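Okay, so here's the structure we're looking at.
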Amino acid sequence: MNVKIKKLHDWDMTPSQAIALQRELAQKVSVCGTLPDIHLVAGADVWHSRTSGMGRAAVVVLSYPDMQLVEVSRSEGHCHFPYIPGLLSFREMPLLLSAFEGLENIPDLILMDGQGLAHPRRLGIASHLGLFLNKPVIGCAKSRLIGEYTALDENAGSFSDLYHNTELIGRVMRTRQGVNPLFISVGHKICLEEACSMVAECCRGYRLPEPTRQAHLAAAELI
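Here the sequence shown stands for residues 469 to 691, where the numbers follow the working numbering.
Put into structure tokens, the structure is as follows:
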């Protein structure tokens with residue numbers, strides 16, 4: 469049984485075409501929805517060579533709620549689209565989709581290392597991926613792309629809402645005491661409260677929740 473992928477568009481386009489497409493696809497993102505029963509959670513991340521232009525996407529599938537590793541799928545290749553902030557999905561998605569195609573276990577929920585709605589055009593890589601997979605996806609980024617928030621205290625579990633102008637676009641969460649917070653946003657087919665709750669439930673004492681932590685290790689071929 470394989471992950472079903474909706475081919476919404478090709479990847480050969482200019483940056484200006486990509487920006488226009490983001491604005492179009494953003495209208496299709498679902499910012500609410502009832503999660504299915506969660507048995508398998510995936511984490512996804514992409515590693516890049518600093519010199520060769522090659523990339524490696526990794527998708528890990530973990531059991532929920534115990535976070536035991538079930539499967540790892542990787543895909544390597546050349547990243548053809550240039551690195552442009554705000555257009556990351558056009559660089560990384562072809563490899564990511566190939567890695568998802570290699571899965572034998574279909575996840576019920578995906579945590580993507582990157583932005584969802586917390587994006588200038590409300591279509592970060594987590595939202596883009598969600599539209600292609602028609603699955604609930606959470607954007608779980610290590611840094612801020614846009615938005616403003618009030619300072620958090622140092623305790624694990626502290627949070628602050630992330631706003632762009634007056635629009636709520638995500639939440640800043642400290643998942644471990646004394647470490648930098650994560651930037652959580654809706655990717656697709658999930659509400660912000662559920663997204664933050666699931667991220668917290670998937671944490672096991674590290675800054676990153678287990679799905680994206682293990683995906684990061686898998687992309688770097690450390691597991």
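Note that beta-carbon positions come from the ideal geometry of N, C-alpha and C, so glycine has one too.
Since we're looking at a predicted model, the values are computed, not measured.
- Just measuring C-alpha positions, the residue of D621, G545, G501 and G554 sitting nearest I606 is G501.
- For M580, the secondary structure class from DSSP, reduced to helix, strand or coil, is strand.
- The Cβ neighbour count for M522, taken over all protein chains shown within 10 Å, is under 16; the residue is labelled exposed.
- Just measuring C-alpha positions, the residue of A512, I552 and P483 sitting nearest I578 is A512.
- In the displayed model, A510 falls within a strand according to three-state DSSP.
- By the C-beta density criterion, S611 is exposed, having fewer than 16 other C-beta atoms within 10 angstroms.
- Leaving aside the five residues that flank G545 on each side, the residues in its chain whose CB is nearer than 6 angstroms to its CB run, in chain order, L563.
- Counting only runs of 3+ residues, the beta strand (DSSP E) found wholly inside the stretch 579-636 occupies 605-609 and 627-632, in chain order.
- Annotation: G615 to Y631 spans about 5 angstroms, alpha carbon to alpha carbon.
- Along the stretch 637-684, the beta strand (DSSP E) occurs as fully enclosed runs of 3 or more residues at 650-656, listed in sequence order.
- Here DSSP, grouped into helix, strand and coil, assigns E544 to strand.
- Across the structure, S566 and V529 are spaced so that their CA atoms are roughly 15 angstroms apart.
- For M561, the enclosing alpha helix (DSSP H) covers residues L556 to E569.
- Taking all protein chains in view, the Cβ of D478 is surrounded by fewer than 16 other Cβ atoms within 10 Å, so the residue is classified as exposed.
- Annotation for S531: the continuous beta strand (DSSP E) segment containing it runs M522 to S531.
- Within its own chain, the residues whose Cβ lies closer than 8 angstroms to the Cβ of C664, once the five positions on either side in sequence are excluded, are F627, R639, M641 and I652, listed in chain order.
- Residue pairing for E539: DSSP places it in a beta bridge opposite V529.
- Nearest to E572 by C-alpha distance, out of N470, C608 and D621, is N470.
- The beta carbon of E662 is closer than 8 angstroms to those of L503 in its chain, skipping five residues each way along the sequence.
- Residue environment: D581 is assigned as buried (16 or more neighbouring CB atoms within 10 Å of its CB, all protein chains considered).
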